[in-house]
Each structure stands twice: as C-alpha cells, then as structure tokens.
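*Asks:* My questions will all concern the structure given below.
Numbering (my numbering), first residue to last: 37 to 182.
Laid out in structure tokens, this is it:
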C-alpha cells in the first residue's frame, strides 16, 4: 500500500480572483518537494480550468460558496482533490471537443476539460453528500537542479 502524505488544504470562495491563491500553493509545494516545472505547469493549468468551470458555470445562485482544494503526495503522484457543492457535473463524461469541425461550426466550450484530461495522468469523479469530488493525479519528476 502506498503511503499518502498530506501537503496542504485550501478553502476558496467561488470567485475567479481566488485562483491566484491556488496557483501560489502549487508553486510552493513544487519548490518544497522538487517537482519539475513541467508537472507544476500541468497541475496549475488543470486546476485553473476545472476551478474556472466550477466557479463560472456550477452555481445556480449568486451566493458565496466554498470550494475545498486538497494537495497530497501518493507514491510518485502529486494528487489534487477538488470538492464543491456546485451542480452535479462529471468532467470525465464531457464529450471530446469538435477539433476537426470548421471554426464557425464548433460549439463553445469543452476544450479546457479536454486539455485537463490530456495533461493529467489520472482523474476520478464521485458525487457524495451533495458534493462533486474530483481527484486528479500527475506523475511527478523530481527536479534535481539546485
């Protein structure tokens, strides 16, 4: 059984301005644990895409909601878990974008989720206690420079 090391947990509001905090924590974790810049870029981009979708499209009301972001290391994986009380939405079931269609015929959206699925090494979704819980994994390469 692989040991899990909890690294950090952050509660943000459903406000796009909060995304900068998440990125800072990812960078801090990367520096402390020697995670490669390439892996950090992928994790940051995936988090930004998923969180922006939750914040922009997940809530029927204009009220303030909390989104919990947890960071762990499990074996050779950097694991990020996002928990929100937005509308049920499983990004793993989103259809792939129409990349071959002419630009004028392409439906809006979907590219960010597709990019996230491509950049991460594993994703899992579940719905528990009226919450969306998305777990993303990125195999890490340790940067031995400096």
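Backbone N, C-alpha and C define an ideal beta-carbon position, used for all residues, glycine too. Because the structure is a prediction, the values reported are computed rather than measured.
State the DSSP-derived secondary structure class of residue 93, mapped to helix, strand or coil.
*Replies:* Residue 93 falls in the helix class under three-state DSSP.
*Asks:* Less than 7 Å between the beta carbons of residue 46 and residue 65, yes or no?
*Replies:* No, the pair does not count as a contact, with Cβ atoms beyond the cut-off.
*Asks:* Just the Cα atoms here: how many angstroms apart are residue 154 and residue 100?
*Replies:* Residue 154 and residue 100: Cα-Cα distance of roughly 31 Å.
*Asks:* Ends of the alpha helix (DSSP H) at residue 56?
*Replies:* Here the alpha helix (DSSP H) through residue 56 covers 55-69.
*Asks:* Looking at the unbroken beta strand (DSSP E) that takes in residue 173, where does it start and where does it end?
*Replies:* 167-175 is the extent of the beta strand (DSSP E) around residue 173.
*Asks:* Can the beta-carbon of residue 109 be found less than 7 Å from the beta-carbon of residue 175?
*Replies:* It is not a contact, given that the beta carbons lie outside the stated cut-off.
*Asks:* Is DSSP giving residue 85 helix, strand or coil here?
*Replies:* Three-state result, residue 85: helix.
*Asks:* Here's the rule I'm using: 16 or more other beta-carbon atoms within 10 Å means buried, otherwise exposed. How should residue 39 be labelled?
*Replies:* Exposed, because fewer than 16 other Cβ atoms sit within 10 Å of the Cβ of residue 39.
*Asks:* With which residues is residue 162 paired in a DSSP beta bridge?
*Replies:* Bridge partners of residue 162: 169.
*Asks:* Who are the near neighbours of residue 54 in its chain, counting only those whose CB is closer than 7 Å to its CB and skipping five residues on each side?
*Replies:* Answer for residue 54: 48, listed in chain order.
*Asks:* Among 125, 88, 106, which has the Cα closest to the Cα of residue 117?
*Replies:* The option with the nearest alpha carbon to residue 117 is 106.
*Asks:* Use the C-beta contact count for residue 85: other C-beta atoms within 10 angstroms, 16 or more gives buried, fewer gives exposed.
*Replies:* Buried: at least 16 other Cβ atoms inside 10 Å.
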